[in-house]
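Position in the sequence shown (from 1) plus 656 gives the number in the working numbering. Don't be surprised by glycine CBs; every beta carbon is placed ideally from N, CA and C. For reference, the structure is listed below as C-alpha cells.
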Amino acid sequence: MAILSQLRTQMRQLGLEALIVPRADEFLGEYIPESNERMRFVSQFTGSAGLVIVTSTKAAVFVDGRYTVQVKRQVDTVEFEIGDLGDAQAMAWLEANTAAGARVGVDAKTVCQTQFERWQSLLQERALIDTVNNVIDTVWSDRPTVVARQGFTLAQSYTGEASESKRTRLGQTLQDMGLQGFWVFLPESVSWLLNVRGSDIPQLPILQSHALLKADGTVQWFIEASRVPADWQAQVGLGVSVHAPQELTEVLQEWSGQAVGADPLNTNAASWQAMLNQGVLVISKPCPVMAAKAAKNRVEVEGTRQAHKRDAAAKATFLAWIDHTVASGQFPNEAQLADKLHACRCHNPEFLEPSFSTISAAGPNGALCHYNHRNGTPGSLINNSLYLVDSGGQYLDGTTDVTRTVAIGTPSEEMRRNFTLVLKGHIALAQIRFPKGTSGMQLDSLARQFLWQQELDFEHGTGHGVGSYLSVHEGPQRIAKAGSPTPLEKGMIVSNEPGYYKEDEYGIRCENLQVVVSGDREGFYAFETLTLLPFDCRLMVLDMLTADEISWLNAYHARVNAEVGPLVDADTRAWLQQATEPLSA
657 MAILSQLRTQ MRQLGLEALI VPRADEFLGE YIPESNERMR FVSQFTGSAG LVIVTSTKAA
717 VFVDGRYTVQ VKRQVDTVEF EIGDLGDAQA MAWLEANTAA GARVGVDAKT VCQTQFERWQ
777 SLLQERALID TVNNVIDTVW SDRPTVVARQ GFTLAQSYTG EASESKRTRL GQTLQDMGLQ
837 GFWVFLPESV SWLLNVRGSD IPQLPILQSH ALLKADGTVQ WFIEASRVPA DWQAQVGLGV
897 SVHAPQELTE VLQEWSGQAV GADPLNTNAA SWQAMLNQGV LVISKPCPVM AAKAAKNRVE
957 VEGTRQAHKR DAAAKATFLA WIDHTVASGQ FPNEAQLADK LHACRCHNPE FLEPSFSTIS
1017 AAGPNGALCH YNHRNGTPGS LINNSLYLVD SGGQYLDGTT DVTRTVAIGT PSEEMRRNFT
1077 LVLKGHIALA QIRFPKGTSG MQLDSLARQF LWQQELDFEH GTGHGVGSYL SVHEGPQRIA
1137 KAGSPTPLEK GMIVSNEPGY YKEDEYGIRC ENLQVVVSGD REGFYAFETL TLLPFDCRLM
1197 VLDMLTADEI SWLNAYHARV NAEVGPLVDA DTRAWLQQAT EPLSA
C-alpha cells in the first residue's frame, strides 16, 4: 500500500518506530471536516471511532463493537490487522510489535490529555513523542482544503438566555470552585456559551474555536477575526475579546501562577502542555459549561418540541411514501430512500440541514449499526425483510434524531419477535421514574432486560445526549453499560434507542428522543417523549406485550396522530390514522 510506504519513510526521517493515528482532529470532535479525516485516509475505514497504529513493518486498526463487521469490509486485511478498541489492547499490540526503547509518535493535538497520560503509563520502555506537526499531512498530497467560514449569532428567542447572563452565572461557579478561569476547549461549549453558531462542519452548526472563561464572566475567545460573526459585539455582549489562535502562548503568559480549570477528557494534550509551559496552575476539573449546556432551559425545551413536530411531519410523509411505493411493487434503493427523506424535510422552510448522515439500511445492511450507503453500491429494499432508517434534522430551535424499523412485505416471525423485545425495552425506559442523582448507567439495563432474557444484546449505548441546535451527540449525560456517571438532570435530552442486529440478515432499532422532566413526587424525575412518529405495528407480536405496554403505545400513537396529523397532507394523514389505530390486548 503506497500510503503506508510513504508514511514509513516519513517516520524513519523523524526517528519514529511507530505512529499512532487517532480518528479525532485537533478539536477532538466526533464530527470532523473532510480535511481532517486522517485515520480514514490511512486505512479507508470510515467509522466515527477508531485508532490506527503503524510500525515499520506492521499496521493495525482498532474498532469497537459497532464496527466489527464494517471494518472487515473496508480495510485491506493483508496490510492491517483488526483489533478491539481500547487503550490496553492497542498499547499491548504496539509493545508486541516494537522493540524496547522505541520512539512512538502521536500528534498531541489529536488526543485528549487523559488518554495521552494513559498511553504513557501503559507503554513500557518506550517513549511517547509529540510530533507537533501531523505526520499524515506530509503524505496526504490531495488533502481537501481546510474550510473556515464566518459564523453567525443565535437570537435569545432560541437560546433562552443571553451570553452575558450565561458567562456571569458560570463565572460565579468558577469562583465557588476556587478558580480564576477555565479553559473551555470544546467548540460546542464555546458556541453555546457565546450564543454563536457556524458551518465549519456539515451537520454540526458550531464555530471551531476555544475560549478562556474568567471568574468575572469575561472571555478570551481564540478564533480568526475573519470568522467572527458580523454582529457579534451587539449580540454577545460586553466582556469578550478576540484573539488569533496563534496568540494562545502570548495570552497564557498573562495567566502564569493563576489557577485555571481544564477538563482532561475534553482538552487536547497539546494545549494542556502549553498551559503548563507558561506556568499556569492547571486544575483538572469537569467543564462546568458542558453541564450547563446539557440542562436545557424552558425556551430550548419548547423549541425542541416544536422542531420535533415539524420533523415528524416530514418523516411520516416519507414512511407513508415507502408503504405506497412497496405496495405498487417498487423497491427503491437506499440512496433513493435517503434522498426522498431529505426532500420531505426540505419542504419545511425551517429545516436547515441533516443533523448527521442518514443511515438508510435495507435488509442485511441494517445489521451494521452505523451503515452508510455511500460507501458502496446502495442496496435495494428486500421483500419480506426490514428497512432501518436513522436520521435527524437541524432547526434553529432544536436538533432531532429518530430511528424507525419498517416492515417490507411480510417479515419473518423471528424478526417480529426480536422487534417486540427491542420495543418492550424502549417502553420500559420511556416509562421509568427515577430519583434525583440517578445516572444513565443505572438505567441502561431497563432497555436490555427483555433481550437479555433471550440471551441477546446490542453493542452500542442505549442513549446519548442531544444539543439544542448543536451536536446530535452531546455529553456529559449518556445511557450505556459503561456510560457517564453524570446524574440526569431536568432539561437534559437523551435518546432511547435499544436495538438488535443479526449479522448478514437484518437490524432493528427503536429510537425516540426524550427530555428529563419533574416527576409527580418531589425529588423524582421522569422522561417526556419528544419524538412523534408511529412504531410499525405490523412488526409487533401482540401476545408478547403486556396490557400496560399496549396502553403506552396507544396513548403515544394517539398523541402522534393528534399533533402531527394537522401538519401533513391528506394522503399522509390517512396513512397516519391507519398506522396509529389502537391496539387491543
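Counted as a single uninterrupted DSSP element, the alpha helix (DSSP H) harbouring phenylalanine 974 occupies residues 954-983. Contact between glycine 1221 and arginine 1215 fails: their C-beta atoms lie close to 10 angstroms from each other, not under 8 angstroms. About 4 angstroms separates the beta carbon of alanine 764 from that of aspartate 786, a gap short enough to meet the 8 angstroms contact definition. Counting along the chain, no alpha helix (DSSP H) covers serine 1174; the unbroken beta strand (DSSP E) around it starts and ends at 1168-1174.
Given a length threshold of 3 residues, each whole run of the beta strand (DSSP E) inside the region 725-769 is given here in chain order: 737-740 and 759-762. Asparagine 789 counts as exposed, since fewer than 16 other beta carbons sit within 10 angstroms of its beta carbon. Taking 8 angstroms as the cut-off, the beta carbon of tryptophan 877 is found closer than this to the beta carbon of valine 896. As DSSP reads the structure, isoleucine 1149 sits in a beta bridge with Val1171.
Taking glutamate 956 as reference, the option from Ala886, Tyr814, Val1058 and Leu904 with the minimal CA-CA separation is Tyr814. Around the beta carbon of proline 1141, fewer than 16 other beta carbons sit within 10 angstroms, so the residue counts as exposed. As summarised for the region 1009-1072, there are no continuous alpha helix (DSSP H) elements at least 4 residues long confined to that stretch. Check the Cα spacing between isoleucine 709 and each of Ile978, Glu773, Pro858 and Leu663: the tightest is with Leu663.
In the structure shown, the three-state DSSP call for tyrosine 723 is helix.
Closest option to glycine 935, judged by alpha-carbon separation, among Ala915, Pro858, Thr733 and Ala1086: Ala915.
Glutamine 1133 is classed as buried because its beta carbon has at least 16 other beta carbons within 10 Å across all chains shown.
The region 1078-1153 is shown to contain whole beta strand (DSSP E) runs of 3 or more residues at 1119-1121, 1130-1135 and 1149-1152, in chain order. Distance from leucine 863 to aspartate 856 at the Cβ level is roughly 6 angstroms; contact confirmed, criterion being Cβ atoms closer than 8 angstroms. Judged by DSSP secondary structure, isoleucine 688 falls outside any beta strand (DSSP E); it is assigned neither H nor E.
In terms of Cβ geometry, tyrosine 1051 and tyrosine 1125 form a close pair [threshold 8 angstroms]. For phenylalanine 701 and phenylalanine 736, the gap between their C-alpha atoms comes out near 11 angstroms.
Asparagine 922 sits in coil when the DSSP states are folded into three classes, being neither helix nor strand. Excluding residues up to 5 positions away in sequence, Thr711 and Lys714 lie with their Cβ nearer than 6 angstroms to the Cβ of asparagine 753 in the same chain. Listed in chain order, the non-local C-beta contacts of alanine 1203 below 6 angstroms within the same chain comprise Ala1241, local neighbours out to five positions each way being set aside. Per DSSP, reduced to three states, the secondary structure at threonine 1185 is strand. Proline 901 carries a helical assignment under DSSP once its states are collapsed to helix, strand and coil. DSSP places alanine 804 in no beta strand (DSSP E); its state is neither H nor E. Burial state of cysteine 1025 is buried, judged by a 10 Å Cβ sphere holding 16 or more other Cβ atoms.
Around the CB of cysteine 1002, fewer than 16 other CB atoms lie within 10 Å, so the residue is classed as exposed. Counting only residues of its own chain and dropping the five nearest sequence neighbours on each side, asparagine 1168 has a CB closer than 6 angstroms to the CB of Asn1152, Thr1185 and Thr1187.
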